[in-house]
Amino acid sequence: MSTDELEQLAMLKTYNENVPDELKEESKEETVSDPFLSVPSLLARHSKRETVTLEENDFSYLKIKDTDFSWHFLKLFSGQYGMLLASDYIFDYSSCLNNTKMEGKFSFRKGKEFLLEYRQISQEEYTHEMQELSTVYKEVEHFELENGMVLCEYEEDAIYAYQENYLFRLSGYSRNQVQEYFEMYLFLRSFTRLQNGKYEEDSLLKYIYLGDKYGLESLYQGTDLRKETVSSTIQKYQDSLDVEMVSLNHQRYFEIFDIDYYISKRKKSYKKEEYSPLEIHHQEDWTYTGTFSLGILGTYEKGALEQFSSIFQSVELKEREKKELLLKIMEEKEQECLEKKEEIIEQVLLKYFQDCTNHPLESFRKDHWIDFLKVEKIALQELSVAVVENWIEEHFTRMAKVEEDSLMDSEEWKEFFSYIDLSALATKILPDYLTITPLFLLVECQLMGEKKTYIITEDEGVLEWAS
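Residues in the sequence shown are numbered consecutively from 0, following numbering that gives the first Met the number 0.
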């Protein structure tokens, strides 16, 4: 037979087990009633990487009701910690997109540039670094707060704060501009643990507000609020209406999404894929490397080819011809999936959001939907966190009333799906491993930080495999 004839026969044999086996007379394919019976063994053939925890930084505004007063509300490490900075500063959102839990930076400005850098280090490392700094710069401030935070400042260098095993370095300020100087210290002092992504320390909020408003006045009167305890500062102004104005207990504040930040973050998160040609490898197993794209399900740079016995065991085809044939099959499967990529991802997302129906707000917060929802297009009078969360709950209540089999074609699903920025959502999907068989693709990835396995069938239907 010619190579073309062998290829045609191999392709027929690969997809139709009833074709006589002329490639290897002694080989006989088993008839398998359920094509997915082999999935557990396929998954067990290679190691899986550990789940990657996605750490997010957020920007919103914290506003006091019935006033014009507001702060930037900066949330670090998926809402574990928070910081407050006067809202007349402007953050450079792009400066923090690559921040991690271990280290990062935030750049902001008000006429000039400021820089907040942070690193996770031990107490011993912190002590050693401060000792080294003191040999180079003159120490001008060093004091410890009631919550254990230590603040140091070195002339012609920066302000340092250490708490919860994090070292912060804040630079760009001027000691001659006293209001600005106070605001930098208050920014560092505002670092605290959050509860469910929210401020729960009513007294700390009061202190930051009073420090912003009365810091200079107190300094002229002989009291430096930078070094005062939270309780003593509140006591000093206990007869002022300001103490009641900032009150978590009386719900005197509300949080508003920083829409400019999320639009900027969405657009800058779009993946720029680099293409590398597919290459088949054969030692004991048949594997591939290179770019196999499944749309926003990700680009799978490594994987395995399984169950192509008529090609693997052929005595008629040379090794080079087998690789060429397998490569052609891979390219055809990739093209078929890309032509149906919208249908594939919609099936994946429909299953994910169906699982969120009973707890949409928990998933909204935990999986950080704000990163890929086009909230600026939602017809709401204000985009406060509470209003958007109410919109989420109401929408999922309506979707829950639709029959499961009819949800994909429903107006409720189509409306919600229209608010999803698919290019931004792609950053929530981390490709792991792809197994290619004649009848299906076995896709292993992480969706919203959770391990997922999907089966893409010959007709581009998607099934989620429960491990």
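The beta-carbon is built from N, C-alpha and C at its ideal position, and this holds for glycine as well.
Whether residue i touches residue j by CB criterion (9 Å)
i	j	result
residue 440	residue 455	yes
residue 423	residue 371	yes
residue 256	residue 383	yes
residue 233	residue 83	no
residue 254	residue 211	no
residue 166	residue 119	yes
residue 351	residue 432	no
residue 133	residue 159	no
residue 214	residue 178	yes
residue 116	residue 187	no
residue 381	residue 398	no
residue 196	residue 111	no
residue 416	residue 345	yes
residue 217	residue 224	yes
residue 272	residue 290	yes
residue 360	residue 388	yes
residue 386	residue 418	no
For residue i, the three-state DSSP class (helix, strand or coil)
i	result
residue 222	coil
residue 461	strand
residue 358	coil
residue 500	One cannot answer for residue 500 here, as it falls past the ends of the chain, which runs 0 to 466.
residue 188	helix
residue 472	The chain is shown from 0 up to 466; residue 472 falls before or after that span and cannot be answered.
residue 59	strand
residue 387	helix
residue 81	strand
residue 212	helix
residue 319	helix
residue 34	coil
residue 399	helix
residue 21	Note on residue 21: pLDDT 45, under 50, position unreliable in the model; no value is reported.
residue 263	helix
residue 338	helix
residue 241	helix
residue 135	coil
residue 423	helix
residue 453	strand
residue 352	helix
residue 28	For residue 28, the predicted structure reports a pLDDT of 45, less than 50, and the residue's modelled location is therefore unreliable. A value from the coordinates is still provided. Of the three classes helix, strand and coil, the one that applies to residue 28 here is coil, per DSSP.
residue 204	helix
residue 375	helix
residue 346	helix
residue 234	helix
residue 68	coil
residue 365	helix
residue 42	helix
residue 381	coil
residue 324	helix
residue 332	helix
residue 92	helix
residue 311	helix
residue 443	strand
Buried/exposed call for residue i, threshold 16 Cβ in 10 Å
i	result
residue 142	exposed
residue 280	exposed
residue 453	buried
residue 458	exposed
residue 330	exposed
residue 87	exposed
residue 391	buried
residue 219	exposed
residue 430	buried
residue 56	buried
residue 107	buried
residue 265	buried
residue 319	exposed
residue 449	exposed
residue 366	buried
residue 305	buried
residue 451	buried
residue 274	exposed
residue 337	exposed
residue 40	exposed
Nearest-angstrom Cβ-Cβ length linking residue i and residue j, presumed shorter than 8 Å
i	j	result
residue 333	residue 292	6 Å
residue 277	residue 269	In fact, because the Cβ distance is near 24 Å, the residues do not count as touching under 8 Å.
residue 245	residue 204	5 Å
residue 80	residue 71	Actually they are not in contact, since the Cβ atoms of residue 80 and residue 71 sit about 14 Å apart, beyond 8 Å.
residue 434	residue 294	Incorrect: roughly 18 Å between the Cβ atoms, too far for contact.
residue 161	residue 125	5 Å
Cutoff 9 Å: residue i Cβ touching any chain B Cβ
i	result
residue 396	Chain labels in this structure do not include chain B; a single protein chain is all it has.
(message) Suppose only complete runs of 3+ residues qualify. What are the beta strand (DSSP E) ranges in the segment 106-133, listed by chain order?
(response) 112-119
(message) I'd like the ranges of any beta strand (DSSP E) spanning at least 3 consecutive residues and lying wholly in the segment 267-299.
(response) 278-281 and 285-292
(request) Note down, one range per segment and in chain order, each alpha helix (DSSP H) of at least 4 residues found wholly within the segment 148-202. (result) 177-188
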